[in-house]
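Chemist: My structure is below; once you've seen it, I'll send some questions.
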Amino acid sequence: MAQKTIKLSQRYEPPGEKPFDSITLREPTYQDIIMSGLGWPQELQPNGHGGSMVVTYFSTVDEYAKRLVVSPEYKDLAHLSFPDTNDLQDAICGFFRLAVLKASSAPQTSSSSDSDGTQQPSSG
1 MAQKTIKLSQ RYEPPGEKPF DSITLREPTY QDIIMSGLGW PQELQPNGHG
51 GSMVVTYFST VDEYAKRLVV SPEYKDLAHL SFPDTNDLQD AICGFFRLAV
101 LKASSAPQTS SSSDSDGTQQ PSSG
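Going by UniProt numbering, the first residue of the sequence shown is number 1, and it counts up by one from there.
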């Protein structure tokens with residue numbers, strides 16, 4: 001299973017715990033995403049001006065942190081600075097952005113439609 005390591009802006013020394021200056025995450029699995037019901041931590045929503053904006057669900061990001069952080073322990077993340085918190089959130093959401101990029105670069109299957117717009121399966 002792939003892992004991602006985030007280098008932090010400073011060294012953290014939680015009382016009674018092992019100091020750390022990086023966070024290691026494992027990639028999410030089917031169980032993490034689907035079976036748990038967590039889904040995606042971000043989604044695109046219309047912005048009212050003809051475009052779209054990314055909405056981040058912070059409670060979902062945190063649930064993924066609980067599941068995906070390999071080291072240090074999840075409880076040791078409580079005192080991360082804002083920049084390091086932002087980097088952790090970006091790394092967690094990055095697993096999902098990477099999946100979208102891979103899916104969008106995969107070859108698309110073609111289909112045709114009848115004159116009434118009904119989709120017909122491709123014959124390939």
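Cβ coordinates follow ideal geometry from the N, Cα and C atoms, glycine included.
What first and last residue would you give for the alpha helix (DSSP H) that runs through aspartate 62?
Modeler: 58-68 is the extent of the alpha helix (DSSP H) around aspartate 62.
Chemist: When the Cβ atoms of the segment 87-95 are set against those of the segment 21-32, are three or more pairs found closer than 8 angstroms?
Modeler: The segment 87-95, when compared against the segment 21-32, does touch it at the 8 angstroms Cβ threshold.
Chemist: When burial is assigned at 16 or more other CB atoms within 10 Å of the CB, is valine 55 buried or exposed?
Modeler: With fewer than 16 Cβ atoms within 10 Å of its Cβ, valine 55 is classed as exposed.
Chemist: Which residues in the same chain have their Cβ closer than 7 angstroms to the Cβ of methionine 1, if we skip the five residues on either side of it in sequence?
Modeler: The residues are Arg26, Glu27.
Chemist: At the level of alpha carbons, what is the spacing between glycine 124 and serine 105?
Modeler: Note that glycine 124 has pLDDT 48, beneath the 50 cutoff, so the model's placement of it is unreliable and the number below is only indicative. Those two C-alpha atoms are separated by around 19 angstroms.
Chemist: Rounded to whole angstroms, how far is the Cβ of glutamine 3 from the Cβ of valine 70, which I believe are closer than 8 angstroms?
Modeler: So it is a contact: roughly 7 angstroms between Cβ atoms.
Chemist: Apart from the five residues just before and just after proline 19, which ones in its own chain have a Cβ nearer than 7 angstroms to its Cβ?
Modeler: So the qualifying residues of the chain are Arg11, Tyr12, Glu13.
Chemist: Determine the DSSP secondary structure at threonine 85, reduced to helix, strand or coil.
Modeler: Correct three-state label for threonine 85: helix.
Chemist: So, with DSSP's three-state summary, where would you put lysine 7?
Modeler: Of the three classes helix, strand and coil, the one that applies to lysine 7 here is strand, per DSSP.
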